[in-house]
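Protein chains in written order, with the numbering used here: chain V, 1 to 283; chain F, 284 to 622.
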């Protein structure tokens, strides 16, 4: 639709810095303190949050307005937040306070809600449907509830059908629902929605002079019992390595021998389909 | 419409009962609701509490009998045109209103696209705790719910508790629990009238579009062949698919190949993906991170092929072959085709 006469929009993107998914094997858990051991694993913007940021940038290209990033995290996240600025965000608001550590999704949503309220007016909030790391997919819906706005989840397509009305595809397992809503609202997005742009050199240069504001809980009038572990309704009480339920029988020798032994075993156990009745559907 | 300023606190004895959302889509009950009902029945036995199913929709009353036969002592039936399609405002207002009146100690939902949106919405409105994607549930000595789920991309399981807030909420993936057999048992159906809040929704569902995805859903496949980060490119995946074809198997895998486009999202097996229970599961070039292994822990026979003898996948497999898949898989294909 014709966008030139429509009002500009203030979009907030919730972004989380996470350990690089490809380096997950290097992360270990301290069972005693129930915290992640601080290994030097590189951090990235959570993949679906990149899709959220991309969607925000496209909306700004069409409608004008602002793209601000809101994030709660530890100081190690700063590099990824600068990356968001380099990708095109106008400003970052970063809640970095030790009191926020150990937060469950409700405590996280509470902290982000305070951060976003502090940022002033907004029309639309975008976030990834779930983060890599934690991956509950709960924060978006809870944040919307705490801010008193509507939400649409698993959005694979978003467009404006009127100045302040969105139409979206909200993914289901076997298709999608067509959902409309009035701004302000929150949309959590899935990978399908767009292909995120990469950083450009002019973008990286411009990022240096864009504001990255670090705030504490005190700045946001957040009490200690509202955030972090103290503000969480759920808590982790134990971490353990699961017992292996299977007797791993290693089939050794030359590959040909191992394969023969395997197929013989599978036939013996009736785990293979009968010849000629291959069920189809493989792809 | 802002969240009500409530803080339901835990008082022993006040919050009683296990509730399960009996999710339905376009008039059909989803299996996951029946599976969780089966587990809830077991927990209820230990808690000496009742199990109630929440059935929301339009024209769904006939399903109440099935829910009772599968373990529900009570079905709260909210049948109204306004509930025909899932809408977070409508569904959560019905559930929250019921929860504040009847005070269940536990509320469980399937971790489906709907459950993953509805559960956090309800949990936020009730200011209570919610654990996602639990792979097991248990009770502690004080009869509090223990929610067990894999932790942070790691190799361990975490046990979580919601000590103070009620209801204790959790989502559980399809395929984790088993349905209970049908039986003749008593149960009551409680019709629920919906209030204005369920009709004044801030978003509107204009329609549902069903898409037929190619191939069979992985959850129904009797045999699944899966590839991981160890599979090299187009040629490697061609080999995986050829093996699957020979076996009449579904194809799945882990996150890295999905991120690179070799697999769709519904082919990713694991905590953030699908849970499967095939008769035979063959995983190739997969290291065995628990994020993935929880996705097939109840498979019949598990075979692992990996060139790293120390890969943790071998600890959760019935049979393991250490070798290069580019050598092993063609031999396997050949042997399987031998009459």
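Cβ atoms here follow ideal geometry from the backbone N, Cα and C, with glycine treated the same way. This structure is a prediction, so every number in the text was calculated from the model and none was measured.
Using the beta-carbon of each residue, which ones in chain F are nearer than 9 Å to residue 72/V?
Position 72 of the first chain holds residue 72/V. The contacting residues do not exist; residue 72/V stays about 16 Å from chain F at best.
Alpha carbon to alpha carbon, how far is residue 78/V from residue 168/V? Give it in angstroms, no decimals.
Position 168 of the first chain, counted from the first residue, corresponds to residue 168/V. Position 78 of the first chain, counted from the first residue, corresponds to residue 78/V. Their backbone Cα atoms lie some 32 Å apart in a straight line.
With the cut-off set at 8 Å, would you say residue 616/F and residue 588/F are in Cβ contact?
As a first step, residue 616/F must be located in the second chain, where it is residue number 333. As a first step, residue 588/F must be located in the second chain, where it is residue number 305. Going by C-beta atoms, residue 616/F is not nearer than 8 Å to residue 588/F.
For residue 326/F and chain V, any beta-carbon pair shorter than 8 Å?
If you number the second chain from 1, residue 326/F lands on position 43. It does not; no Cβ of chain V falls within 8 Å.
Runs of alpha helix (DSSP H) wholly within the stretch 124 to 198 of chain V (minimum 4 residues, chain order)
139 to 147
Taking Cβ positions, are residue 339/F and residue 474/F nearer each other than 8 Å?
Numbered from 1 along the second chain, position 56 holds the residue referred to as residue 339/F. Numbered from 1 along the second chain, position 191 holds the residue referred to as residue 474/F. In this structure, residue 474/F does not lie closer than 8 Å to residue 339/F by Cβ.
CA-CA distance, residue 269/V and residue 262/V?
To locate residue 269/V, count along the first chain from 1; it is residue 269. To locate residue 262/V, count along the first chain from 1; it is residue 262. Each residue's alpha carbon lies about 11 Å from the other.
Where residue 330/V falls, given that 16 or more other Cβ within 10 Å makes a residue buried:
The structure shown does not extend to residue 330/V, since chain V is modelled only from 1 through 283, so no value can be given for it.
Could you confirm whether any beta carbon from chain F is found closer than 8 Å to the beta carbon of residue 198/V?
Within the first chain, the letter at position 198 stands for residue 198/V. No, because no Cβ of chain F sits closer than 8 Å to the Cβ of residue 198/V.
Spatial distance of residue 73/V from residue 97/V (CA atoms):
As a position in the first chain, residue 73/V is number 73, starting the count at 1. As a position in the first chain, residue 97/V is number 97, starting the count at 1. Roughly 8 Å separates the two Cα atoms.
Tell me, please, which residues DSSP counts as bridged to residue 419/F.
Walking along the second chain from the start, residue 419/F turns up at place 136. Answer is 431/F, bridged to residue 419/F.
Spell out whether any CB of chain V is found under 8 Å from the CB atom of residue 506/F.
Working through the second chain from its first residue, we reach residue 506/F at position 223. Yes, because at least one Cβ of chain V sits closer than 8 Å to the Cβ of residue 506/F.
Going along the chain, which residues of the stretch 141 to 169 of chain V sit with their C-beta nearer than 7 Å to a C-beta in chain F?
141, 142, 145, 146, 148, 150, 151, 152, 153 and 154
Below 8 Å on the Cβ atoms is my guess for residue 511/F versus residue 570/F; work out the distance and round it to an integer in Å.
Within the second chain, numbered from 1, the residue matching residue 511/F stands at position 228. Within the second chain, numbered from 1, the residue matching residue 570/F stands at position 287. Contact flag correct, Cβ pair sits at about 7 Å.
Is any beta-carbon of chain F found at less than 8 Å from that of residue 10/V?
Residue mapping note: residue 10/V aligns to position 10 of the first chain, counting from 1. Taking 8 Å as the CB threshold, residue 10/V stays off the interface with chain F.
From this set, 605/F, 489/F and 595/F, which residue's C-alpha is nearest residue 252/V's C-alpha?
Counting from one through the first chain, the residue named residue 252/V turns up at place 252. It is 605/F whose Cα lies nearest to the Cα of residue 252/V.
According to DSSP, residue 247/F sits in a beta bridge with which residue or residues?
Any property of residue 247/F remains undetermined from this structure, which presents chain F solely from 284 to 622.
Roughly how many whole angstroms lie between the Cα atoms of residue 197/V and residue 84/V?
Sequence index remark: in the first chain, residue 197/V carries index 197 (1-based). Sequence index remark: in the first chain, residue 84/V carries index 84 (1-based). Cα-Cα distance, rounded: 11 Å.
Alpha carbon to alpha carbon, what distance is there between residue 612/F and residue 281/V?
The sequence position of residue 281/V within the first chain is 281, counting from 1. The sequence position of residue 612/F within the second chain is 329, counting from 1. With a pLDDT of only 36 at residue 281/V, under the threshold of 50, the placement of this residue in the model should not be trusted, and no figure is reported.
Where does residue 306/F land, buried or exposed, given buried means 16+ other C-beta within 10 angstroms?
Locating residue 306/F in the second chain gives position 23, where the first residue counts as 1. Its Cβ being crowded by 16 or more others within 10 Å, residue 306/F is buried.
Between the stretch 345 to 363 of chain F and the stretch 157 to 165 of chain V, are three or more C-beta pairs nearer than 8 Å?
no
For chain F, check one thing: does any of its Cβ atoms lie closer than 8 Å to the Cβ of residue 194/V?
Taking the first chain and counting its residues from 1, one reaches residue 194/V at position 194. In terms of beta-carbon proximity, residue 194/V stays away from the interface with chain F, with every pair separated by 8 Å or more.
Can you name the residues of chain V whose CB is closer than 8 Å to the CB of residue 513/F?
Within the second chain, the letter at position 230 stands for residue 513/F. Going along chain V, no residue has its Cβ under 8 Å from residue 513/F, so there is no contact; the nearest lies around 13 Å.
Quick one: list the residues of chain F neighbouring residue 235/V, beta-carbon separation under 9 Å, in chain order.
The sequence position of residue 235/V within the first chain is 235, counting from 1. The contacting residues are 412, 443, 444, 445 and 446.
What's the C-alpha gap between residue 297/F and residue 390/F?
To locate residue 297/F, count along the second chain from 1; it is residue 14. To locate residue 390/F, count along the second chain from 1; it is residue 107. So the two alpha carbons sit approximately 15 Å from each other.
Give the DSSP-derived three-state secondary structure of residue 437/F in the structure shown.
Within the second chain, residue 437/F is the residue found at index 154, counting from 1. Bear in mind that the predicted position of residue 437/F carries a pLDDT of just 44, short of 50, making it too unreliable to give a figure here.
Which same chain residues end up closer than 8 Å to residue 23/V when comparing Cβ atoms and leaving out the 5 residues on each side of it in sequence?
The sequence position of residue 23/V within the first chain is 23, counting from 1. These residues qualify, in order along the chain: 41 and 42.
Would you call residue 408/F buried or exposed, if buried means 16 or more other Cβ atoms sit within 10 Å of its Cβ?
Start at 1 with the first residue of the second chain, and residue 408/F comes out as number 125. With 16 or more other Cβ atoms within 10 Å, it is buried.
Between 88/V, 140/V, 171/V and 68/V, which has its C-alpha nearest residue 106/V's C-alpha?
As a working mapping, residue 106/V is identified with position 106 in the first chain. A check of alpha carbon separations from residue 106/V across 88/V, 140/V, 171/V and 68/V identifies 140/V as the nearest.
In whole angstroms, give me the CA-to-CA distance for residue 204/V and residue 87/V.
In the first chain, the residue the question calls residue 204/V occupies position 204. In the first chain, the residue the question calls residue 87/V occupies position 87. One C-alpha to the other measures close to 8 Å.
Show which residues of chain V have a CB atom less than 8 Å away from the CB atom of residue 376/F.
Sequence index remark: in the second chain, residue 376/F carries index 93 (1-based). For residue 376/F, none of the residues of chain V pass the 8 Å Cβ criterion, the least Cβ distance being about 12 Å.
How long is the line joining the alpha carbons of residue 100/V and residue 424/F, rounded to whole angstroms?
On the first chain, residue 100/V is found 100 positions in, with the first residue counted as 1. On the second chain, residue 424/F is found 141 positions in, with the first residue counted as 1. Those two C-alpha atoms are separated by around 30 Å.
Can you check whether the CB of residue 48/V is closer than 8 Å to the CB of residue 190/V?
Taking the first chain and counting its residues from 1, the one referred to as residue 190/V is at position 190. Taking the first chain and counting its residues from 1, the one referred to as residue 48/V is at position 48. In this structure, residue 48/V lies closer than 8 Å to residue 190/V by Cβ.
Check for me: the alpha helix (DSSP H) holding residue 116/V runs from which residue to which?
For this step, residue 116/V is matched to residue 116 along the first chain. Element bounds for residue 116/V: 105 to 119.
Taking 7 Å as the cut-off, does the CB of residue 241/V come closer than this to any heavy atom belonging to the ligand NAD?
Among the components modelled here there is no ligand, and therefore nothing to report on the ligand NAD.
With a threshold of 8 Å between beta-carbons, can residue 368/F be considered close to chain V, or not?
In the second chain, the residue the question calls residue 368/F occupies position 85. So yes, residue 368/F belongs to the interface.
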